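Working notes, structure below.
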Amino acid sequence: MKKIISNSQSHKLATEQGMVFGLSGSGAGFESSAPALWPALARRAERQGFHSLWLNEEHFQSRQKPHGGRYVLSPLVAAAAMAARTRTIRLGFSVLLLPLHHPIRLAEELASLDCLSRGRVDFGVSRGGNDRYLDAFGVDRLKASKDFPSTLQQVLDCWAKHPIMVAGAPLDVQPKPIQQPHLPLYIGSYSEEMVRWTAINGHRLIIHGIQSAAHARDNLRCFVDAGGDPSTVPFGRFTYVAESDEAARRDLLPVLPHLLAKLRMVGQSQRAKGVIDMANLEPDLFIKHMVVAGSPDTCRQKIIELRESIGIRHFNLLPAFFGYLPPAALHRSLLLFADEIIPTLNGKKALGG
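What follows is the structure, encoded as structure tokens:
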């Protein structure tokens with residue numbers, strides 16, 4: 001019989017010997033590649049020693065030929081496909097947009113995924129501040145923000161052993177997740193108010209790679225000051241490893257104009273004001289301040305500096321650069337990261353791809 005695992009065991013055990021590394025993006029970092037390949041790529045990432053895969057919830061994204069861009073699927077469906085091809089790698093969401101989901105249906109689907117994956121799901125969620133998404137789904141922004149704590153609690157209550165009350169009737173929501181008392185919970189937010197709420201309520205924070213270095217550090221400091229543990233925070237950065245610093249810059253320069261144009265659009269929105277440093281949306285400055293890029297030695301040192309300066313133990317790569325990095329370059333980078341960086345920072349030897 002499968003042993004019931006607590007929602008804190010996996011991260012504690014994984015980080016005892018060093019750092020852990022995840023892949024993040026609309027396709028868990030594989031969104032440059034055709035979606036039919038994602039399950040096999042997830043299996044490869046597992047064998048290479050990556051700890052977790054994190055899928056973003058996005059909507060209304062179209063690939064722009066000839067420059068590409070990211071493939072976007074339902075994150076829950078994509079995670080289920082990846083779960084079927086893997087055994088140990090964790091499957092997270094970075095993040096699901098809670099106002100776009102019915103809490104009971106979301107609880108059922110996440111618990112189903114946890115059962116199918118034998119207890120490997122991490123529940124990342126946010127208030128979902130994208131006005132375009134909220135308008136399309138008929139959701140009032142202010143109400144969604146106000147209702148976030150109670151809606152989230154509804155999801156958690158569905159996983160409790162006792163029935164929930166709906167319209168005066170008791171309902172026993174099934175299935176229950178393997179991880180108890182609930183899935184590990186990660187909150188994504190750009191606001192200090194929500195970051196403090198996350199720490200005070202004993203949840204974990206997740207930091208996305210589009211946040212400027214200063215904004216990400218401020219969020220993490222706020223989380224720690226409110227009682228949060230920085231070692232539990234998946235800290236995201238765009239990441240690219242090449243044979244040399246010069247090769248990394250050469251490979252990224254054709255990619256960055258498309259990514260930076262996308263980030264400028266995001267940075268002009270109300271929800272991202274102050275989150276993205278518009279002054280750094282120039283290729284060389286972006287590589288210097290927003291990307292872990294270069295040779296294996298350079299990338300390793302940058303990650304060590306983050307670990308020592310802000311206390312992180314979980315580093316999430318955004319390796320596909322919103323899908324604009326060609327698949328061949330993406331897979332070379334991940335192989336170098338797995339062979340040259342993971343074994344030296346987590347004390348474990350990768351199995352090879």
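Oh and the sequence shown: position 294 is 294 in our numbering, straight run, nothing missing.
No residue lacks a Cβ here, since even glycine has one placed at the ideal position from N, Cα and C.
Just so it is clear, the structure is predicted and the values come from calculations on it, not from any experiment.
Taking 7 Å as the cut-off, does the CB of Glu31 come closer than this to any heavy atom belonging to the ligand FAD? Only the bare structure without any ligand can be found here, which leaves the ligand FAD out of the picture.
Buried or exposed for Val166, please, with buried defined as at least 16 other CB atoms from any protein chain shown within 10 angstroms of its CB. Stepping through the sequence shown from its first residue, residue 166 is reached at position 166. The residue in question, Val166, is exposed, as its Cβ has fewer than 16 Cβ neighbours within 10 Å.
Closest by CA to Glu192, which one among Ile206, Pro181, Glu108? For the purposes of this step, residue 192 is identified with residue 192 of the sequence shown, where counting begins at 1. The candidate whose alpha carbon is nearest that of Glu192 is Ile206.
Thinking C-alpha only, which one of His289, Asp229, Arg43 is nearest Val80? For the purposes of this step, residue 80 is taken as the residue at position 80 of the sequence shown. Per the sequence shown, residue 80 should be read as Ala rather than Val. For Ala80, the closest of His289, Asp229, Arg43 by C-alpha to C-alpha distance is Arg43.
Let me see if you follow: with CB-CB separation under 8 Å, is Ala79 close to chain E or not? In the structure shown, chain E cannot be found, because there is only a single protein chain.
Contact set for Phe137: own chain, Cβ-Cβ below 6 Å, skip 5 residues either direction: Here residue 137 refers to the residue found at position 137 when the sequence shown is read from its first residue. So the qualifying residues of the chain are Leu100.
Does DSSP put Ser333 in a helix, in a strand, or in coil? Start at 1 with the first residue of the sequence shown, and residue 333 comes out as number 333. Helix.
For the segment 80-121, list the alpha helix (DSSP H) runs that are entirely contained and at least 4 residues long, ordered along the chain. 103-116
Contact check, Gly188 vs His208, beta carbons under 8 Å: Numbered from its first residue, the sequence shown carries residue 188 at position 188. Numbered from its first residue, the sequence shown carries residue 208 at position 208. Taking 8 Å as the Cβ cut-off, Gly188 and His208 qualify as a contacting pair.
CA-CA distance, Trp54 and Asp229? Numbered from its first residue, the sequence shown carries residue 54 at position 54. Numbered from its first residue, the sequence shown carries residue 229 at position 229. Here the alpha carbon of Trp54 sits roughly 20 Å from the alpha carbon of Asp229.
Please report the residue range of the alpha helix (DSSP H) in which Gly294 lies. Residue numbering aside, residue 294 sits at position 294 when the sequence shown is read from its first letter. Premise fails: Gly294 lies in the beta strand (DSSP E), 291-294, not in any alpha helix (DSSP H).
Where does Leu185 fall in DSSP's three states? Residue 185 sits at position 185 when you count from the first residue of the sequence shown. Three-state DSSP puts Leu185 in a strand.
Please state whether DSSP places Asn366 in a helix, a strand or coil. Since the displayed the chain opens at 1 and closes at 353, residue 366 lies outside it and no answer follows.
Could you give the DSSP three-state label for Ala136: helix, strand or coil? What you label residue 136 is simply residue 136 of the sequence shown in a count that begins at 1. Helix, per DSSP.
Does the Cβ of Ile200 have 16 or more other Cβ atoms within 10 Å, making it buried, or fewer, making it exposed? Taking the first residue of the sequence shown as 1, we reach residue 200 at position 200. By the 10 Å Cβ count, Ile200 comes out exposed.
Given a cut-off of 8 Å on the beta-carbon distance, is the pair Thr198 and Phe223 in contact? For the purposes of this step, residue 198 is identified with residue 198 of the sequence shown, where counting begins at 1. For the purposes of this step, residue 223 is identified with residue 223 of the sequence shown, where counting begins at 1. Yes, Cβ-Cβ distance for Thr198 and Phe223 is below 8 Å.
What's the gap between the Cα of Glu31 and the Cα of Phe60? Sequence index remark: in the sequence shown, residue 31 carries index 31 (1-based). Sequence index remark: in the sequence shown, residue 60 carries index 60 (1-based). If you take the alpha carbons of Glu31 and Phe60, they lie about 15 Å apart.
Going by beta carbon distance, what residues of the same chain come within less than 7 Å of Leu322, once the five residues before and after it are set aside? Along the sequence shown, read from residue 1 onward, the residue named residue 322 stands at position 322. The sequence given here has Phe at residue 322, not Leu. Result list for Phe322: Gly69, Arg70, Leu259, Lys262, in chain order.
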